[in-house]
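A.B. asks: Before I ask anything, let me first share the structure, which is written out below as structure tokens.
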Amino acid sequence: KLGRILSPIFNSELLENCDLFGLSLVLQNPVKARLILTAKSSEAAAELAARIRNEPQRLFKLADSDLLLCAQPPEVDVQGANVQVRFDVPENSARLVLQRLAKVTPVPTVAAD
80 KLGRILSPIF NSELLENCDL FGLSLVLQNP VKARLILTAK SSEAAAELAA RIRNEPQRLF
140 KLADSDLLLC AQPPEVDVQG ANVQVRFDVP ENSARLVLQR LAKVTPVPTV AAD
């Protein structure tokens, strides 16, 4: 059900491996994000964490976009079935996430005088 609720923001492959998905954003420069993911078991959480470490550019690619959610490899911490991921979000990616969360269509850029 997460894929229906959170699309088209996050990669469906990431959402399919979670029973619970939490996101926090700190809107400063740089934007900092923390994901709390709950997998079906501690083994599934360890596998998800390994995939996040090995393929962040694939799992953190924003849906329907060429933008990545993280510029650097994320910090990943596993505790039982929970995976906590922390990373800095590039400015363009943060704007797109906020627009999609708010379900706002971006306004066309107006040329400066």
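In this note's numbering, the protein residues as written are 80 to 192.
Glycine included, every Cβ here is placed at the ideal spot set by N, Cα and C.
(1) In chain order, what residues of the same chain have a beta carbon less than 8 Å from the beta carbon of Asn171, not counting five sequence neighbours either side?
(2) Note down the Cα distance separating Pro135 from Asn90, rounded to an integer number of angstroms.
(3) Could you name the residues that DSSP lists as bridge partners for Leu180?
(4) For Ala112, which residues does DSSP report across the bridge?
(5) With DSSP as the reference, label Gln151 as helix, strand or coil.
(6) Relative to the alpha-carbon of Leu160, which residue among Ala142, Lys140, Asn108 and Leu116 has its alpha-carbon at the smallest distance?
(7) Is the Cβ-Cβ distance between Arg113 and Ser103 less than 8 Å?
(8) State the Cα-Cα distance for the pair Glu154 and Asp143, rounded to the nearest angstrom.
(9) Measuring straight from C-alpha to C-alpha, what distance separates Ala124 and Leu177?
C.D. replies: According to the structure shown:
(1) Same-chain partners within the cutoff: Leu146.
(2) Spanning the alpha carbons of Pro135 and Asn90 requires a straight line of approximately 11 Å.
(3) According to DSSP, Leu180 bridges with nothing at all.
(4) Looking at the DSSP assignment, Ala112 forms a beta bridge with Leu104 and Phe166.
(5) In the structure shown, Gln151 sits in coil (DSSP, three-state: anything other than H, G, I, E or B).
(6) Correcting the residue identity first, residue 160 is Ala in this sequence and not Leu. Of the candidates Ala142, Lys140, Asn108 and Leu116, the one whose C-alpha sits nearest the C-alpha of Ala160 is Leu116.
(7) Yes, the pair counts as a contact, with Cβ atoms nearer than the cut-off.
(8) If you take the alpha carbons of Glu154 and Asp143, they lie about 25 Å apart.
(9) Rounded to whole angstroms, the gap between the alpha carbons of Ala124 and Leu177 is 27 Å.
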